[in-house]
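Numbering (UniProt numbering), first residue to last: 1 to 241.
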């Protein structure tokens, strides 16, 4: 069916261009928080009838896919995610920029009202500039680093606590159940995957989640959304990774 997401797993010797699927939008990604952001908005756009579907290609960073010329042509910073859109001829990287592009182009999750749009933009940029980088470092030093670095752990966990306090207050006052007063928006697509994945992966450790009840409630709500659940499995980590 044209409304289905096609998962494309090309053999190593097939170029990404050759492996492109049948829909206008091609997603090149991996199921990290930054990757889930884009799969989630695409699933929501599909559910809303704004797009017929998209094709998803897993970028195996353990195998070095991110350094292949065909991926660098899409994402010159050799980071996921990246998309191409045959409808407009656009190739774009950086998750925040992709979210703005998709919301603008397909008319959803980015309010037209000037005040509401300003609010969404502020939280989108807050996430990309502050929340995402800090939570990424928390995950790295507390879960993945082979070396124990107390200074780094203290620095990033303290800043994460500050940011989560800011978000907790915003969620308590937005009045919509989502980050912004206008409801589900690209601010949620960029913020929630980091919160939900970190809450799931680091329930015990550097973050006292009990101090952020609105954040925990938000993470639980998002985790149950059908589009989000689908998005988490769109470009899975290869089993050998």
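Even glycine gets a Cβ: it sits at the ideal position worked out from N, Cα and C.
These figures come from a predicted structure and were not determined experimentally.
Selection 94, 218, 201 and 86 evaluated against residue 79 yields 94 as nearest (Cα-Cα). Per DSSP, residue 222 is not a residue of any beta strand (DSSP E); the alpha helix (DSSP H) it occupies stretches across 213 to 223. Here residue 237 has 30 and 31 as same chain residues with Cβ atoms under 7 Å from its own Cβ, once five neighbours each way along the sequence are excluded. For the 7 Å CB-CB criterion, residue 124 and residue 82 do not form a contact. Segment contact: the stretch 142 to 150 against the stretch 175 to 193, fewer than three CB-CB distances shorter than 8 Å; contact not assigned. CA-to-CA, the gap between residue 218 and residue 192 works out to about 8 Å.
With a contact defined as Cβ atoms closer than 8 Å, residue 23 and residue 53 qualify at about 5 Å. Going by beta carbons, residue 55 and residue 100 fall outside the 7 Å limit. Under the three-state reduction of DSSP, residue 190 is assigned to helix. For the pair residue 47 and residue 40, the Cα-to-Cα distance works out to about 11 Å.
The three-state reading of DSSP puts residue 88 in coil, since its state is none of H, G, I, E or B. Residue 98 places its beta carbon less than 7 Å from that of residue 38.
A residue is called buried once 16 or more other Cβ atoms fall within 10 Å of its Cβ, and residue 112, having fewer, is exposed. Looking at the DSSP output, residue 93 bridges to 82. Under the three-state reduction of DSSP, residue 165 is assigned to helix.
Straight through space, the alpha carbons of residue 106 and residue 51 are spaced by roughly 8 Å. Per the C-alpha coordinates, the member of 144, 122 and 161 positioned closest to residue 211 is 161. Taken through DSSP and simplified to helix, strand or coil, residue 107 comes out as coil. If you ignore the 5 residues before and after residue 45, its C-beta comes within less than 7 Å of the C-beta of 51, 102, 106 and 108, all in its own chain and listed in chain order.
Rounded to whole angstroms, the separation of the alpha carbons of residue 196 and residue 128 is 16 Å. Rounded to whole angstroms, residue 227 and residue 28 show a C-alpha spacing of 18 Å. Across the set 199, 171, 198 and 200, the C-alpha of 171 shows the shortest separation from the C-alpha of residue 187.
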